[in-house]
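In the UniProt record's numbering, the protein residues as written are 1 to 130. Step one of this worksheet: look at the structure below.
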Amino acid sequence: MICHSLVLNFGMQYATTIGTSYQSFLTTASWCSMTTALLIFCYIVCPRSLGLIRQSIFETAFNTIAAFSYILACSYLGYAVHMFLQPLAIVSSMIQAYPAVSTAYILGTFVALLYGYDAWKSWTIYRNFR
């Protein structure tokens, strides 16, 4: 949510400058946040679903796809930021989008690592359950 907020608040006016990396990062952050919120809601409403979903291949597949999506979106956004926003930030010190969007893709990388760790934990639970 922090990554999403940073990119929306500070990067919106430079979306055309950054290009499709902006939209891909927003899409990745949105679908991962929505699916995670839905899973947490299911876990809270029905505690039994925690064990059932955690032992299924869905949790492993979702976390793996989310980790790879975040890695790809963050690397693409990082490339676009350094190619297009960094020269603008060097020329003009008034651009606040460069540090904010840079922070967003760095935080997104940590989120990808978190999803990757959760995918590994889900895989070990799934493998031990079968």
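C-beta atoms are modelled at their ideal positions from N, C-alpha and C, and glycine is treated no differently. Since we're looking at a predicted model, the values are computed, not measured.
Item: Please report how far the alpha carbon of K121 lies from the alpha carbon of F68, in whole angstroms.; Value: 16 Å
Item: Short check: CB of V7 to CB of F25, under 9 Å?; Value: yes
Item: Please list, in chain order, all residues of the same chain as S51 whose beta carbon is under 7 Å from its beta carbon, the five residues on each side excluded.; Value: Going by the sequence as given, residue 51 is Gly instead of Ser. Closer than 7 Å at the Cβ level, and outside the excluded window around G51, lies no residue.
Item: Is M1 helix, strand or coil by DSSP?; Value: coil
Item: Using a Cβ-Cβ cutoff of less than 7 Å, which residues in the same chain neighbour A15 once the five nearest sequence positions on both sides are dropped?; Value: Y22
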